[in-house]
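Numbering (the numbering used here), first residue to last: 1 to 439.
Think of the CB as a built atom: it goes at the ideal place given N, C-alpha and C, for glycine as much as any other residue.
These figures come from a predicted structure and were not determined experimentally.
Structure record follows, encoded as structure tokens.
Laid out in structure tokens, this is it:
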């Protein structure tokens with residue numbers, strides 16, 4: 001009797017909470033695939049971050065490395081544990097998104113937005129692949145949560161928490177600097193809340209956000225601002241050339257349609273034109289809550305899209321805008337369009353699972369999850385046969401990072417022959433000890 005009662009309770013709960021059921025279903029599907037996922041070079045590289053703790057790192061701040069170190073110290077060093085860390089953090093992002101969206105949407109629209117975000121390919125990518133975007137999306141969402149409560153519910157202490165969350169976002173990825181711009185932009189354009197520009201709580205929030213990022217700045221100060229120079233010099237030089245490239249633009253469109261799926265991407269485009277037209281032609285801004293969401297959507301999504309004709313914008317750069325963008329999309333999407341989105345999602349995820357399980361289409365790139373452990377075993381066998389040798393890889397960072405994950409012996413990168421190798425240049429290895437050895 002108790003079993004039947006429990007089953008009835010679960011069945012009733014699922015019927016009354018279909019959105020949660022969909023989300024849990026997607027996450028359960030992702031969890032089920034984790035044991036079959038091999039190591040990606042990004043997983044290995046950011047794991048290397050965590051094994052070489054530092055205030056910051058050459059190409060990114062260190063939050064993703066700290067998270068991987070935390071999980072692997074607790075559960076052990078294994079590919080599954082690395083992937084599980086990504087899945088756990090992304091799941092926290094999903095449920096933080098649900099809380100945030102509940103402040104803007106009715107129950108029905110909230111459920112649609114929740115299903116929308118969980119059905120996307122970008123959530124799957126974040127759940128499977130270690131990148132700085134994994135913690136960035138979590139702290140970005142928490143920042144918006146805190147700022148909402150500080151501004152719209154007049155709970156000033158949330159400005160302090162918002163400042164901490166903004167700082168942790170920046171400590172995840174430099175893109176988070178757009179949070180401060182979004183906050184100030186909202187207050188400047190909001191007639192009702194512009195007075196907060198004079199509030200000490202606002203400026204305390206911004207000061208605290210800067211203070212939390214101190215480790216990143218101090219590491220850069222110690223290393224001649226190497227990370228900031230690396231992230232800015234190549235990009236600014238490419239933009240300054242100002243070469244129109246339709247390929248870059250349509251490539252960005254294709255990437256975004258893949259990450260969001262076509263229905264959601266087209267809704268993004270539709271409401272962007274709608275609000276832009278109203279603002280530019282009729283000089284009308286949306287209500288305060290929608291303006292708040294747009295303030296954290298436009299700089300990232302529209303801003304990067306504007307660059308696409310002259311610069312190759314990477315597919316993950318726009319991800320932070322998805323948080324507020326999907327909430328706005330939830331205001332517009334119909335039940336019919338949501339069903340179409342789900343069909344696209346199910347088809348893409350089934351194809352993805354077949355690729356993971358059976359490797360149907362060979363990937364002609366080193367950005368693959370197949371073969372790294374086998375390569376490490378083969379190289380280990382060769383190393384045993386030849387004494388007084390060391391292993392290094394002349395391919396930037398990927399092979400060296402993957403081999404270091406699987407091998408007990410130290411594997412060096414191309415910096416030992418004078419070529420740049422990202423953070424391998426800053427590990428402090430005494431390369432003089434390699435003199436006289438064969439490679």
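**Item:** Spatial neighbours of residue 173 in its chain, beta-carbon cut-off 7 Å, leaving aside the 5 residues before and after
**Value:** Cβ within range, chain order: 60, 61, 132, 133 and 136.
**Prompt:** Less than 8 Å separating the beta-carbons of residue 100 and residue 327?
**Reply:** Yes, Cβ-Cβ distance for residue 100 and residue 327 is below 8 Å.
**Item:** Alpha-carbon to alpha-carbon, residue 224 and residue 42
**Value:** Computed Cα separation, rounded: 25 Å.
**Bridge partners - residue 411, DSSP secondary structure assignment** = Answer by DSSP bridge pairing, in chain order: 391.
**Request:** Taking residue 262 and residue 344 to be in contact with their CB atoms under 8 Å, please state how far apart those CB atoms are, rounded to whole angstroms.
**Result:** The C-beta distance from residue 262 to residue 344 rounds to 6 Å, short enough to fall under 8 Å.
**Request:** Can you tell me which of 217, 321 and 278 puts its alpha carbon nearest to the alpha carbon of residue 268?
**Result:** With distances taken between CA atoms, residue 268 lies nearest to 321 out of 217, 321 and 278.
**Asked** At which residues does the alpha helix (DSSP H) containing residue 78 begin and terminate?
**Response** For residue 78, no alpha helix (DSSP H) run applies, since DSSP gives it neither H nor E.
**Request:** Using three-state DSSP, classify residue 496 as helix, strand or coil.
**Result:** No answer is possible for residue 496: it lies beyond the span of the chain, which begins at 1 and ends at 439.
**Asked** For residue 422, which residues of its own chain have a beta-carbon under 6 Å away from its beta-carbon, when the five flanking residues on both sides are left out?
**Response** Contacts found: 58, 59 and 397.
**Message:** Looking only at its chain, what residues have a beta carbon closer than 7 Å to the beta carbon of residue 139, apart from the 5 residues adjacent to it on each side?
**Reply:** 165, 168, 169 and 172, listed in sequence order.
**Item:** Contact belief for residue 38 with residue 369 at Cβ below 8 Å, rounded distance in angstroms
**Value:** 3 Å between Cβ atoms; contact.
**Asked** Going by C-alpha distance, which of 330, 341, 309 and 294 is nearest residue 276?
**Response** Measuring from the Cα of residue 276, the nearest candidate turns out to be 294.
**Request:** Buried or exposed for residue 330, please, with buried defined as at least 16 other CB atoms from any protein chain shown within 10 angstroms of its CB.
**Result:** Residue 330 comes out buried.
**Item:** Beta-carbon proximity check, residue 356 vs residue 33, cutoff 8 Å
**Value:** At the C-beta level, residue 356 and residue 33 come within 8 Å of one another.
**Distance CB(residue 116)-CB(residue 338) smaller than 8 Å** = In this structure, residue 338 lies closer than 8 Å to residue 116 by Cβ.
**Request:** Assuming residue 141 contacts residue 323 (C-beta within less than 8 Å), just tell me the rounded distance between them.
**Result:** Yes, residue 141 and residue 323 are in contact; Cβ-Cβ is about 5 Å, under 8 Å.
**Prompt:** Around the C-beta of residue 229, are 16 or more other C-beta atoms found within 10 angstroms, so that it is buried, or is it exposed?
**Reply:** Exposed, since its Cβ has fewer than 16 Cβ neighbours within 10 Å.
**Request:** Say whether the region 23-33 touches the region 117-129, bearing in mind that this needs 3 or more beta-carbon pairs closer than 8 Å, one atom from each stretch.
**Result:** Counting Cβ pairs under 8 Å, three or more are found: they touch.
**Message:** Considering only the alpha carbon of each residue, which of 55, 23 and 16 lies closest to residue 342?
**Reply:** For residue 342, the nearest C-alpha among the options comes from 23.
**Request:** Rounded to whole angstroms, what's the CA-CA distance from residue 35 to residue 69? Just pull it up for me.
**Result:** Approximately 19 Å, taken between the alpha carbons.
**Prompt:** In this structure, does DSSP put residue 404 in helix, strand or coil?
**Reply:** Three-state result, residue 404: helix.
**Asked** Excluding sequence positions up to five away, which residues of its chain have a Cβ less than 8 Å from the Cβ of residue 196?
**Response** Correct list, in chain order: 151, 187 and 202.
**Message:** Could you tell me the alpha carbon to alpha carbon distance between residue 246 and residue 309, rounded to whole angstroms?
**Reply:** Using only the alpha carbons, I get a separation of about 6 Å.
**Asked** Which residue comes first and which comes last in the alpha helix (DSSP H) that contains residue 384?
**Response** Following the DSSP letters along the chain, one finds residue 384 inside the alpha helix (DSSP H) bounded by residues 372-385.
**Prompt:** What residue range is occupied by the uninterrupted alpha helix (DSSP H) comprising residue 179?
**Reply:** From DSSP, the alpha helix (DSSP H) with residue 179 extends over 177-189.
**Request:** Have a look at residue 84 and residue 94 and give me their C-alpha separation to the nearest angstrom.
**Result:** Distance between the alpha carbons of residue 84 and residue 94 is about 15 Å.
**Asked** Do you know offhand how far residue 255's Cα is from residue 199's?
**Response** Taking the straight line joining both Cα atoms gives about 41 Å.
**Item:** Spatial neighbours of residue 212 in its chain, beta-carbon cut-off 8 Å, leaving aside the 5 residues before and after
**Value:** If we look at residue 212 and ignore the five residues flanking it on each side, its Cβ neighbours are 163, 164, 166, 167, 168, 170 and 171.
**Prompt:** Would a C-beta distance cut-off of 8 Å place residue 54 and residue 219 closer than the cut-off?
**Reply:** Contact flag set, yes.
**Asked** Given that a residue counts as buried once 16 or more other Cβ atoms are within 10 Å of its Cβ, and exposed if not, what is residue 157?
**Response** That one is exposed.
**Message:** Contact defined as beta carbons within less than 8 Å: I believe residue 265 pairs with residue 119. What is the distance between those atoms, to the nearest angstrom?
**Reply:** That belief does not hold up - the Cβ atoms of residue 265 and residue 119 are roughly 13 Å apart, past 8 Å.
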